[in-house]
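In the working numbering, the protein residues as written are -11 to 278.
Below, the structure is given as structure tokens:
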């Protein structure tokens, strides 16, 4: 297929399927939104109500007890979504509110550290101390530094004119680097093998070592003779650059997630210290009372 025909097909396909692509992306966005709501609220009663009303269903019960139960269920769902607290009933909500109030917490802080709180027993809510140890903080800091290092070295690597390759039929031979004009055998600056060196057996001797034998060097020299060598290197460099940029994007996302984790860990640590101080002051205040 000729290049103009290929380009025409690409343009035609894009416009013919534009509506389908937009519809698919819209569907994925709606699904993501529903999943987010469900992850906070734990139910989708509001969506069921919306569908029920759409088809003309009754929105209230004649029986006062059933009507009160209906309102309670929706109240609890709204409470879970608004405050990100996994209460199963209004009594749980009341107990959670008492715990938050007694410890002088804010609902915003509690909603951010939901995973750091033990919700098994609402009568004895507590923080998961194993998740807020200094080791956890240092671990996240170490991961953050690691991904920042990847981000910092990726742009220079992506702009490199050398393509990292290996020989298919020689698995024991280390990877080496090809450019449009020469080859080198180390990541750092080193002697380069070009067509001129390949023409001189004497010049090739300096490249022989335990990793790259005479036969291996001769094989690499034959690569320069290919009429498509330059094009193959250019194509490989584009793919290598795309891969490195993908790694950089993943690293940026990882750093964002780690910063979010550290922020929530800091909030959890603050609330833990606040609880500790509160429990320390309470006995002291009781002791001084007559």
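Even glycine gets a Cβ: it sits at the ideal position worked out from N, Cα and C. Just so we're clear, the structure is a prediction, and the values are computed from it rather than from any experiment.
Taken atom to atom, the span from the alpha-carbon of residue 214 to that of residue 166 is near 13 Å. In this structure, the alpha-carbon of residue 220 lies about 14 Å from that of residue 154. Counting the other CB atoms within 10 Å of its CB gives residue 43 a total below 16, which places it among the exposed residues. Assigned with DSSP and collapsed to three states, residue 268 falls in helix. If you draw a 10 Å sphere on the C-beta of residue 142, you find 16 or more other C-beta atoms in it, and that means buried. Contact between the stretch 146 to 153 and the stretch 180 to 192 is not established, with fewer than three Cβ pairs separated by less than 8 Å. At a cut-off of 3 residues, the continuous stretches assigned as beta strand (DSSP E) that sit fully inside the stretch 133 to 214 are 151 to 153, 164 to 166, 170 to 172 and 180 to 182.
For residue 104, there is no enclosing alpha helix (DSSP H), as DSSP marks it with neither H nor E. Taking every protein chain shown into account, the CB of residue 174 has fewer than 16 other CB atoms within 10 angstroms, so this residue is exposed. Non-local C-beta neighbours of residue 235 in its own chain, meaning closer than 8 Å and more than five positions away in sequence, comprise 138 and 142, ordered along the chain. For residue 76, no alpha helix (DSSP H) run applies, since DSSP gives it neither H nor E. Rounded to whole angstroms, the gap between the alpha carbons of residue 169 and residue 240 is 34 Å. Excluding residues up to 5 positions away in sequence, 104 and 106 lie with their Cβ nearer than 6 Å to the Cβ of residue 116 in the same chain. Collapsing the DSSP output to three states places residue 115 in a strand.
At a cut-off of 4 residues, the continuous stretches assigned as alpha helix (DSSP H) that sit fully inside the stretch 2 to 50 are 6 to 29 and 33 to 42. Contact check for residue 255 and residue 102: beta-carbon distance about 11 Å, past the 8 Å limit, so the pair fails to qualify. The C-beta of residue 36 has fewer than 16 other C-beta atoms within 10 Å across all chains shown, which makes the residue exposed. Judged by DSSP in its simplified three-state form, residue 235 adopts helix. For residue 57, the secondary structure class from DSSP, reduced to helix, strand or coil, is helix. At a Cβ-Cβ threshold of 7 Å, residue 69 and residue 94 do not count as neighbours. By the Cβ neighbour-count rule, residue 18 is exposed, with fewer than 16 other Cβ atoms within 10 Å of its own.
Ranking 128, 84 and 122 by CA distance to the CA of residue 109 puts 84 first. Here residue 80 is buried. Its C-beta has 16 or more other C-beta atoms within 10 Å. Taking the Cα of residue 33 as reference, the smallest distance to any Cα among 63, 113 and 232 is reached at 63. DSSP, read as helix, strand or coil, puts residue 121 in coil. Residue 223 carries a helical assignment under DSSP once its states are collapsed to helix, strand and coil. Excluding its 5 nearest sequence neighbours in each direction, residue 78 has C-beta neighbours in its own chain below 7 Å: 60, 63 and 64, listed in chain order. Put simply, of 58, 197, 226 and 14 the residue whose alpha carbon is nearest the alpha carbon of residue 146 is 226.
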